[in-house]
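Trainee: Encoded as structure tokens, here's the structure I'll be asking about.
Residue numbers (the working numbering): 4 to 125.
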């Protein structure tokens with residue numbers, strides 16, 4: 004089978020035909036084929052975000068890694084210093100006692116897996 008570079012260099016001065024496009028697609032498919040057994044679900048503690056992969060057990064943000072085979076990305080950028088004024092306002096409205104608010108906030112944070120972020124609240 005011809006290499007992609009060879010196929011394209013022979014056609015540099017002409018409009019690509021459907022045959023050429025089919026050849027290019029076949030070559031790319033053959034070079035990028037992965038056996039199904041190589042595809043594994045990413046670990047459940049990892050969340051694929053716009054700016055990296057968040058490990059919710061450690062709170063660490065890692066660079067994207069094509070070896071993890073994520074099939075989707077959450078269109079959010081992780082910011083470990085982000086504040087949540089709307090959530091805190093909501094808690095103050097429904098839970099008048101400050102200690103109860105702190106406890107509920109701690110539970111909510113732990114339920115998302117961000118336990119390291121909640122340590123100062125509990």
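Even for Gly, the Cβ is constructed at its ideal location relative to N, Cα and C. If you're wondering where the values come from, they're calculated on a predicted model, not measured in any experiment.
1) Among 71, 46, 28 and 90, which one has its Cα closest to the Cα of residue 60?
2) Could you tell me the alpha carbon to alpha carbon distance between residue 88 and residue 97, rounded to whole angstroms?
3) Nearest CA to the CA of residue 54: which residue from 66, 31, 83 and 44?
4) Which partner residues of residue 58 appear in the DSSP bridge assignment?
5) Hey, how far is the Cα of residue 57 from the Cα of residue 76?
6) Taking Cβ to Cβ, would you say residue 49 is nearer than 8 Å to residue 71?
7) Could you tell me whether the Cβ atoms of residue 42 and residue 79 are closer together than 8 Å?
Mentor: In terms of the structure at hand:
1) 46
2) 14 Å
3) 66
4) Beta-bridge partners of residue 58 (DSSP): 49 and 63.
5) 11 Å
6) In this structure, the beta-carbon distance from residue 49 to residue 71 falls below 8 Å.
7) no
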